[in-house]
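Numbering (the numbering used here), first residue to last: 1 to 540. These notes concern the structure reproduced below.
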Amino acid sequence: MSAPADHGVSSAEEALIAARRAKAEKIRSRGENPFANDVVPRSGGLTIDISELRATAASARGEDGKYAEDRVKAAVSGASFHLRGRVIAFRSTGGLSFLRLRDRTGEVQLLVSEASLGEAYARLEEIDLGDIVEAEGTLTASKRGELSIEPSRIRLLTKALRPPPEKWHGLTDVETRYRQRYVDLVANPPVADVFRARSHIVRATRQALDQEGFLEVETPTMHTLIGGAAAKPFLTHHNALDMDLFMRIAPELYLKRLLVGGLDRVYEIGRCYRNEGISTRHNPEFTMLEYYWAYATYEDLMSFTERMLRRIDAELARAMPEAHARWAAERPFTIDEPFARVPMSDAVAAAALATKIPAWEGPAREGGAGLLALLGKEDFGGHMKEWSKSSPRAKAIDWGNFRKGWHKCDNDGERLFAAYEYLAEPFLPEDYRSADGKRSLPVFVKDYPFETSPLARRNDDRPELVDRFELFVHGRELCNAFSELNDPDDQAERFREQVRKKAAGAEETMDFDEDYIRALEQGMPPTAGFGMVVDRLCMM
């Protein structure tokens, strides 16, 4: 019987690992540690990051990007430098070896000559791709004009026992990249820029809130009840209390308790957990920003959201100018112009008109309610084939799931939301464009039906709606916000409705939180609240 198809690959990798282990043992045999921790200059060199090293020699760089050896020597006045990093490329010719060294700030070439190292030059054979080394020497330029360190000594610090993947330069396999992120970071340096960007984005978000007088807090991540959002939770067990608990799906109800206690502006950036689908764009474990602002309305939050996003983007541009310029050029949207603000009913009506289904045009001109009245009378199955051919846009609508979703709705509020999800939301990027038409505009979809928003405050003039918005950037939902419900009786009834839905088999519902109702009975000031997934902000 023949061996499995991957047996040869596995054996080849095992042989490479064995060879690397043998080199590590050889180093140990002469009294040195292949996993060293005494990383200090030994020849008077200045320990420096590669980016700082390059900045030191910036004046020696010509307009063609090349360096001249005499100008490099003049720029650094014969100084010696000490570098640490990973070997990402290695080639030898005659008595010269060229190693590419990378640290957290950049890359530089090591120009290693047998003349400079003497007998120690032979030990270069103990260094493999992926190893971490230190080098100490003077700065120079190669004959091709590349900035280089000419080491007087080079030493292995960490032996990489496992070789990098065969195609580690430009690694593209999605499975490997996500499961072995450490390999991805080495193979694809731009990935590290995303990690750095996320750090700058979170820091800038905190700054924007701190400067508005918000207080950062932490609330429980294990709950006895499901609350704060309509989602399916993860279950865990507390051994000491012998109690099942839910991993939080949102911090909302605990943060609003703090407003009852007099902390008028609070926010939290923390992990939340929702037991839902998983993809490269959706993770059941994610980082959520939620903030609550007493005496503000959802209209105030729309204006603040625009300012906050522009400020975060400006901070990212300041911290990472080159990467930001690349990302900004690739964006299909703009945040430089005022965002669109569209009531959900209007969005549905406009989308219906754009679909160009003749039977819809009159009712759609009466707004979302007119369209709902028409659809309530019509038989989806009998008209779907006809409707789906009325325009290119109609052909792009998911009619089958629209029909299924429609028939699951119990009231007009849920029906309006279903119509929005299938007729309007997928087309937001093409319906709302910048002044020059080249990019999409972010869209605040606002004024949701109260049946789909169990924690939001009813609109004073139209009680069938709530003061809520969601922000969509090029078709992706970024955040959700609303004027908070602070009437304890209204909130209690909405909790009861959630419980009724759970009893009827709905999975994504909330429990009745008696303590939260008790808190509202103490009096919560008029408040607006905001939630945004930080991961989505970073992807944006």
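We put the beta carbon where it would ideally sit given N, CA and C, even for glycine.
Just verifying my parser: in three-state terms, what is the DSSP assignment at residue 200?
helix
At least 3 beta-carbon pairs within less than 8 Å: the stretch 263-276 vs the stretch 302-315
no
What first and last residue would you give for the alpha helix (DSSP H) that runs through residue 480?
Taken as a continuous stretch (DSSP letters only), residue 480 belongs to no alpha helix (DSSP H), being part of the beta strand (DSSP E) at 476-483.
Taking the beta carbon of residue 404 as the centre, do at least 16 other beta carbons fall within 10 Å, making it buried, or is it exposed?
exposed
Test item: CB-CB of residue 98 and residue 142 under 9 Å:
yes
Using the C-alpha atoms, what's the distance from residue 495 back to residue 506?
14 Å
Who are the Cβ neighbours of residue 418 in its own chain at under 6 Å, not counting the five residues just before and after it?
405, 406 and 409
For residue 237, the residue or residues it bridges with in DSSP:
244
Whole angstroms is fine: what's the gap from residue 76's alpha carbon to residue 124's?
27 Å
For residue 289 and residue 312, believed in contact at Cβ under 8 Å, the rounded distance
That pair is no contact at about 11 Å.
To the nearest angstrom, report how far apart residue 434 and residue 446 are at their CA atoms.
20 Å
Could you name the residues that DSSP lists as bridge partners for residue 542?
With the chain covering only 1 through 540, there is no way to say anything about residue 542.
Is the CB-CB distance between residue 302 and residue 481 below 9 Å?
yes
Per-residue DSSP class, three states only, for residue 288
strand
Could you pull out every residue in the same chain whose Cβ sits closer than 7 Å to the Cβ of residue 191, ignoring the five residues on either side in sequence?
184 and 185
For the beta strand (DSSP E) that contains residue 471, what are its first and last residues?
465-473
Taking all protein chains shown into account, decide if residue 467 is buried (16 or more other Cβ within 10 angstroms of its Cβ) or exposed.
buried
Which residues mark the beginning and the end of the alpha helix (DSSP H) in which residue 516 is found?
514-522
If you draw a straight line from the C-alpha of residue 295 to the C-alpha of residue 374, how long is it?
40 Å
Quick one: give me the first and last residue of the alpha helix (DSSP H) that residue 176 is part of.
174-179
For residue 293, list the residues DSSP reports as bridge partners.
265 and 528
Residue environment, residue 246, which counts as buried when at least 16 other CB atoms sit within 10 Å
buried
Below 6 Å CB to CB, which residues in the same chain sit around residue 86 once its five sequence neighbours on both sides are set aside?
102 and 132
Beta-carbon within less than 7 Å of residue 398's beta-carbon, same chain only, minus the 5 sequence neighbours each way: which residues are those?
422
On the criterion of 16 or more Cβ atoms from any shown chain inside 10 Å, does residue 449 qualify as buried, or is it exposed?
buried
Whole-angstrom distance between residue 21 and residue 182, CA atom to CA atom:
21 Å
Status (buried if at least 16 other CB within 10 Å, exposed otherwise) for residue 223:
buried
Can you tell me where the alpha helix (DSSP H) holding residue 220 begins and where it ends?
No alpha helix (DSSP H) contains residue 220, which DSSP labels as neither H nor E.
Give every residue of the same chain whose Cβ lies closer than 6 Å to the Cβ of residue 121, excluding the five residues on either side of it in the sequence, and list them in chain order.
114
Leaving out five residues on either side along the sequence, give the residues of the same chain with a beta carbon under 8 Å from the beta carbon of residue 393.
354, 355, 356 and 427
Can you check the stretch 408-451 for any beta strand (DSSP E) of at least 3 residues that lies completely inside it and give the ranges in chain order?
443-449
For residue 96, which residues from the same chain have a beta carbon less than 6 Å from its beta carbon, with the 5 sequence-adjacent residues on both sides left out?
113
Which residues bound the alpha helix (DSSP H) around residue 345?
344-355
Cβ separation of residue 320 and residue 155, assumed to be a contact under 8 Å, to the nearest whole Å:
Actually they do not touch by this definition, with Cβ atoms about 32 Å apart.
Can you tell me which of 19, 331 and 110 puts its alpha carbon nearest to the alpha carbon of residue 135?
110
Could you give the DSSP three-state label for residue 338: helix, strand or coil?
coil
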